[in-house]
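K.L.:
Residues in the sequence shown are numbered from 950 upward in steps of one, following this note's numbering. Below is a structure I'd like to ask you about.
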Amino acid sequence: MVCVRKATMDDLLAMQACNLLCLPENYQMKYYFYHILSWPHLLYVAEDYNGRIVGYVLAKMEEESTECHGHITSLAVLRTHRKLGLATKLMKAAQTAMEQVFGAEYVSLHVRKSNRAAFNLYTETLGYKIHDVEAKYYADGEDAYDMRKQFKVKQSHHHHHHHHHGGGCCSADARPVEAHQNQNQRQKPAPRWNKKWVDGER
950 MVCVRKATMD DLLAMQACNL LCLPENYQMK YYFYHILSWP HLLYVAEDYN
1000 GRIVGYVLAK MEEESTECHG HITSLAVLRT HRKLGLATKL MKAAQTAMEQ
1050 VFGAEYVSLH VRKSNRAAFN LYTETLGYKI HDVEAKYYAD GEDAYDMRKQ
1100 FKVKQSHHHH HHHHHGGGCC SADARPVEAH QNQNQRQKPA PRWNKKWVDG
1150 ER
């Protein structure tokens, strides 16, 4: 049995190993740390019964944007564990947290034009639409589809009230009860991440 759960600091090396096995877009360890320190609600792993990490989703909130939205940085599932619905579960977990914890309006991602399996997952199963095409987005010169999935308009979701406490879209607190005494510290945005620091940042 494989379970999907929130990632912890202890999972980061296994997530990186899974990334290296599955994808040509790889990241330095500090980029994984940056994600889990800034948005701990948005990283999930798939773990098999031996405690091995067989898939993950790495996601973040986009800070340099007027519209509050999430972004899927990276999604991978080991070949041995495909077709079990793990990618869908990982994506839905991250999307739900973006919407409920951070009040995101939509979520974006990039996918290779040639990656039909991923494209079908995003469009048919998860309801993403093509927003744009980014020419030569990938290091090998391949184009990317810039895809988006809109979340429901927030007004109709009166029970998602807790993301209004802390100001900006990227300053969510998992414990809304503490929001009032934490207000001052939480107004500060996460530190700007210098894109030049990261190999292959996408």
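Glycine is no exception: its CB is placed at the ideal position from the N, C-alpha and C atoms.
1) Over what stretch of residues does the beta strand (DSSP E) that includes L1024 continue unbroken?
2) Among K1085, E1016, L1007 and R1028, which has the Cα closest to the Cα of Q1044?
3) May I have a chain-ordered list of the alpha helix (DSSP H) segments no shorter than 4 residues that lie completely inside the segment 971-1035?
4) Between the Cα of D1095 and those of L961, T1074 and V1056, spot the shortest distance and give me the residue it belongs to.
5) In the structure shown, what three-state DSSP assignment does V1058 receive?
6) Run through DSSP, which three-state label would V1082 get?
7) Are the CB atoms of L1024 and K1009 nearer to each other than 8 Å?
8) May I ask you to verify whether the segment 1078-1085 touches the segment 995-1006, counting CB pairs closer than 8 Å and requiring at least 3?
9) Is there contact here, the segment 1051-1069 with the segment 1014-1021, by at least three beta-carbon pairs under 8 Å?
10) Output yes or no for whether 8 Å exceeds the beta carbon distance between M1040 and L1075.
11) DSSP state of W1146, grouped into three classes?
12) Under the three-state reduction of DSSP, which class applies to M958: helix, strand or coil?
13) Please classify M1096: does DSSP put it in a helix, a strand, or coil?
14) Can you grab the Cα-Cα spacing for the pair D960 / A966, in whole Å?
15) Beta-carbon separation of R1061 and A1093 under 8 Å?
16) Using a Cβ-Cβ cut-off of 8 Å (strictly less than) and excluding sequence neighbours within five positions of A1053, which residues of its own chain qualify?
17) Could you check whether A956 and I985 sit closer than 8 Å to each other, using their CB atoms as the reference points?
18) Is it right to say N1069 is buried, meaning 16 or more other beta carbons lie within 10 angstroms of its own, or is it exposed?
P.N.:
Well, looking at it:
1) H1018 to V1026
2) L1007
3) 978-987
4) V1056
5) Before going on, a small fix: residue 1058 reads as Leu here, not Val. Strand at L1058.
6) strand
7) no
8) no
9) yes
10) yes
11) Model confidence at W1146 stands at a pLDDT of 42, short of 50, so the residue's coordinates are unreliable; what they give is reported in the following sentence. Note: W1146 maps to helix in three-state DSSP.
12) helix
13) strand
14) 10 Å
15) yes
16) M1010, C1017, H1018, G1019, M1047, F1100 and C1118
17) yes
18) exposed
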